[in-house]
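Protein chains in written order, with this note's numbering: chain A, 1 to 306; chain B, 1 to 384.
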C-alpha cells in the first residue's frame with residue numbers, strides 16, 4: 001500500500017511539473033506584450049523597455065525558464081506584474097474561496113445525482129423521468145443553468161443575492177449550478193453500480209440470509225457503489241479547485257477561476273502560472289486522497305499490484 | 001400428473017416430516033417452463049443429489065425451493081420445508097424465517113460473498129438480524145461458526161475479506177453461513193465445481209461430518225457423477241426441466257433405467273476405465289432450448305431407443321425400486337446407506353458403476369435396461 005502511494009505521489013509530481021512547463025511555454029506562444037499591458041498608455045519605447053528590463057523580459061527564454069523554476073522549487077511563485085504583491089498572497093485567499101464553492105458543488109451533485117440514481121434503480125416508474133432529467137442537464141451548458149437559476153431565484157423570486165460576493169447566501173446558486181450540471185454523471189454511475197450489485201450473487205446470498213431489504217441496500221449494495229463514486233468526487237474536487245471559471249464569472253464569485261481570467265487578460269504571467277500550478281496540485285492531491293479513501297472502502301484495491 | 005413419489009427408500013413412519021417435500025413444482029420464465037412438474041422428497045439426514053446438465057433446470061429448482069427467484073419467474077406447485085410452506089408465507093414472514101428453514105450454498109463463493117465486507121461480519125449479521133445479538137456477541141458467534149466448519153484460527157479469519165481467502169476457505173465460510181441458524185434443509189448448488197480436486201474432497205468430507213452432527217437434509221445439485229457417488233443417498237436425474245429418473249444412489253448406479261442416466265454413467269465409466277486416447281462416450285446432440293417445442297419426450301431426439309410414441313407422449317417418471325403404478329411399496333430397494341459409508345473410497349467405488357459392469361456384461365445388461373426403459377418410460381398398458 002505504501003509503495004503504491006509513493007508511486008502515485010511521484011507520478012503526481014511529474015504531472016504537475018509537466019503542466020507547469022507546458023503553461024510556461026504557452027505563455028510565450030500567446031501573442032501580446034506584458035509591458036504594454038502594464039502601461040497601456042505609455043508611448044515611449046524607453047518606458048516599455050524599462051518595464052521589460054525590470055521584469056527580466058529582455059532575457060533569453062531559457063534564462064527566464066531557469067529563473068522561474070529555480071524560484072518555484074524554493075516555493076516562490078513570483079510577484080504579480082500588475083498588482084505589486086506576491087502571487088502566493090494573491091492566490092491563497094482565492095483558493096479558499098473557490099474551495100468552499102467546490103465543496104458545496106460536489107455535495108450538491110452527490111446529493112442530486114445520488115438521489116436520481118437510487119430512485120431510477122429502485123423505482124421503475126421514475127426511470128424514464130430521471131433519464132429525461134439527466135439528458136436535459138447534460139445538454140445544458142453551465143452558464144445557461146447558472147443564468148436560469150440567477151433569473152428565477154435572484155431576479156424573480158428575490159430568494160438569492162444577485163450582486164456577487166463570497167458569503168453563505170451567495171454560495172447557494174453557484175453550488176446548485178455545479179450540482180445540477182454534475183449530477184447526471186453521479187446518477188449514471190450510481191444507477192449502473194447499483195444495478196450490477198443488485199443482480200450479483202452476493203445480494204442473492206444476503207436475501208437467502210433473510211436480511212431486511214433496507215439493510216441489504218445500505219450495508220451490501222451502497223457500500224459497493226461508494227468506491228467509484230469516491231473516485232469521481234476526487235476528480236471533481238480537484239477540477240473545481242483548479243477553477244470553475246464559468247460559474248465564478250456568471251455569479252461574480254471571487255475565486256481562483258476569476259483571478260485566472262483577469263490575469264490572462266492582463267498578461268500577468270506569474271499569476272497565470274500560479275493558478276495553473278495550484279490547480280494542477282489540487283487535481284493531483286484530490287485524486288490521491290480519493291485513491292486512499294477507496295482503499296479504505298474497497299479492500300480489494302489495497303493489494304499491491306504485482 | 002405424476003404422483004409425488006418418495007425419493008427415499010428408507011422413508012420414515014407416517015408421522016415423519018420430510019426436510020423437503022416438493023410437489024408438482026413448475027418454474028416458468030416468460031411462459032417457458034424451466035422446471036416442469038417436479039416432485040421430490042428429501043428426508044432429514046439424507047443427501048439427495050440432483051443431477052443434470054447446464055440449463056436442465058436444476059438451479060431454477062433450487063432457487064424456487066428457497067424462494068430466491070426473481071419476481072419475473074412464475075412458480076407454481078407446493079414446496080414444504082420441514083412442514084413449512086415457505087412459498088406460501090407473506091413476504092415479510094418468508095424473509096424472517098427463510099434462513100432458519102433453508103441454507104443456500106452457492107456455486108461460486110467468491111461472487112456469493114460481498115467483496116467489501118469482512119467474512120466474519122457477513123456471518124455475524126445473521127445473528128444480529130435474526131437473533132437480536134449485539135455486535136460483539138454476534139462477532140464471537142461468527143468465530144464459533146467458522147471453527148465449526150474447521151477453519152484454523154477463526155478469530156483471524158473473521159476479519160479477512162473474501163478475496164484474501166482460498167477457494168476452499170471461502171466455500172467453508174459459505175457453508176458456515178448457510179448452517180448458521182441450523183436450518184433443517186441445505187441446498188448446495190454445485191458448491192465444489194470451482195474447486196480443485198483435493199479441496200473438493202475436503203468440502204465433501206466436511207459436509208458429511210456436519211450433516212452427521214445436525215441431521216439436516218441436503219439437496220445437492222451437481223453435474224459431477226463422482227460427487228454423487230461420494231455423497232448421495234438418493235439421486236434424481238433432471239433433463240430439460242423434468243426429473244426423468246430417481247431412486248437410491250446405489251440402485252441408480254447399478255442399473256440405470258433411463259437412457260439419459262445410462263449415457264451419463266457410461267461417460268463416467270469411460271473416464272475411469274477407458275484406455276488412454278480412446279474416445280469418450282458422448283450422448284449425441286445437446287439438450288433442447290427452453291423455447292423449443294414441447295411435445296413428447298424431451299430426450300427423444302438424442303435417444304438411441306426412441307420410437308414413434310416418444311414424439312407424442314411424455315414418459316412416466318422412472319423410479320428405482322418402486323412400482324408405483326401397482327401401488328406396491330419398495331420391493332427390491334436397497335436401504336439408504338449412511339453418509340459415512342458413502343463417503344468412504346470403497347463405498348464410492350462400488351457405487352460408481354464398475355461392479356455392475358463386471359457382473360452383467362454386454363447383452364444381458366442391455367436387455368435388462370431395455371425392459372426397464374420400456375416398462376417405466378412408456379405406458380405400462382403396452383406391456384401388460
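Ideal placement from N, C-alpha and C gives every residue a C-beta, glycine not left out. Being a predicted model, the structure only gives us computed values, none of them experimental.
Asked	Found
Can residue 93 of chain B and residue 21 of chain B be called in contact, C-beta distance under 8 Å?	no
Measuring alpha carbon to alpha carbon, tell me which residue in B/30, B/240, B/76 is nearest residue 287 of chain B.	B/240
Check whether chain A comes within 8 Å of residue 255 of chain B, counting only Cβ atoms and requiring the distance to be less than that.	no
When you compare the CB positions of residue 191 of chain A and residue 86 of chain A, do they come within less than 8 Å of one another, or not?	no
Quick check: the segment 87-101 of chain B against the segment 63-72 of chain B, are at least 3 beta-carbon pairs closer than 8 Å?	yes
Should residue 127 of chain A be flagged as near chain B, meaning a C-beta pair shorter than 8 Å?	no
Since residue 239 of chain B sits in a beta bridge, which residues does DSSP pair it with?	B/242
Can you grab the Cα-Cα spacing for the pair residue 368 of chain A / residue 106 of chain A, in whole Å?	Absent from the structure is residue 368 of chain A, since the part of chain A shown begins at 1 and ends at 306.
Quick check: what's the CA-CA separation for residue 132 of chain B versus residue 124 of chain B?	11 Å
If I measure Cβ to Cβ from residue 153 of chain A and keep anything under 7 Å in the same chain, skipping five residues before and after, which residues do I get?	159, 160, 173
Using the Cα positions of residue 325 of chain B and residue 283 of chain B, report the straight-line distance between them to the nearest angstrom.	The pLDDT assigned to residue 325 of chain B is 28, lower than 50, so where the model puts this residue is not dependable; a value taken from the coordinates is nonetheless given after this. The straight-line gap from Cα to Cα measures roughly 30 Å.
Using a Cβ-Cβ cutoff of less than 7 Å, which residues in the same chain neighbour residue 52 of chain A once the five nearest sequence positions on both sides are dropped?	35, 58
Is there a Cβ of chain B sitting closer than 8 Å to that of residue 300 of chain A, yes or no?	yes
Which partner residues does residue 21 of chain B have in the DSSP bridge list?	B/41, B/80
Identify the continuous alpha helix (DSSP H) that holds residue 226 of chain B and give its terminal residues.	225-231
Output the distance between the C-alpha atoms of residue 356 of chain B and residue 39 of chain B, rounded to the nearest integer angstrom.	Residue placement at residue 356 of chain B is flagged as unreliable, the pLDDT there being 35, under the threshold of 50; the coordinate-derived value follows with that caveat. Rounded to whole angstroms, residue 356 of chain B to residue 39 of chain B spans 29 Å at the Cα level.
Any beta carbon of chain A sitting closer than 8 Å to that of residue 177 of chain B?	yes
For chain A, find out if any of its Cβ atoms is closer than 8 Å to the Cβ of residue 136 of chain B; answer yes or no.	no
So who's on the other strand from residue 248 of chain B, going by DSSP bridges?	B/234
Mind checking the segment 84-105 of chain A against chain D and listing, in chain order, the residues whose C-beta falls within less than 9 Å of any C-beta there?	No chain D appears in the structure shown, which is made up of the protein chains A and B.
Find the nearest neighbour of residue 121 of chain B within the set B/162, B/105, B/23, judged by alpha-carbon distance.	B/162
Within a Cβ cutoff of 7 Å, which residues of the same chain sit near residue 71 of chain A, ignoring the five residues on either side of it in sequence?	78
Would you decide whether residue 98 of chain B is buried or exposed? Buried here means 16 or more other CB atoms lie within 10 Å of its CB.	buried
Sort A/183, A/252, A/223 by Cα distance to residue 134 of chain A and report the nearest one.	A/183
Which of the three DSSP states, helix, strand or coil, is assigned to residue 214 of chain B?	helix
Does residue 66 of chain B have its Cβ less than 8 Å from a Cβ in chain A?	yes
So, under 8 Å CB-CB, residue 237 of chain A and residue 102 of chain A are touching, yes? Tell me the CB distance rounded to an integer number of Å.	6 Å
For residue 263 of chain A, does the count of other Cβ atoms within 10 angstroms reach 16, so buried, or fall short, so exposed?	buried
Kindly list, in the order they appear in chain A, the residues whose Cβ is closer than 7 Å to that of residue 130 of chain B.	210
Residues of chain A with CB under 7 Å from residue 116 of chain B, in chain order?	223, 224, 297, 298, 299
Let me make sure I understand the geometry here. Which of A/109, A/126, A/155 has the alpha-carbon closest to that of residue 180 of chain A?	A/109
I'd like to know whether the C-beta of residue 203 of chain B is nearer than 8 Å to at least one C-beta of chain A.	no
Below 9 Å on C-beta distance, what does residue 99 of chain B contact in chain A?	208, 209, 210, 211
Run the CB neighbour count on residue 218 of chain A, radius 10 Å, all protein chains shown included, and call it buried at 16 or more, exposed below.	exposed
Within 10 angstroms of the Cβ of residue 66 of chain A, are there 16 or more other Cβ atoms? Answer buried if so, exposed if not.	exposed
Counting only runs of 3+ residues fully inside the segment 242-266 of chain A, write out the beta strand (DSSP E) ranges in chain order.	none
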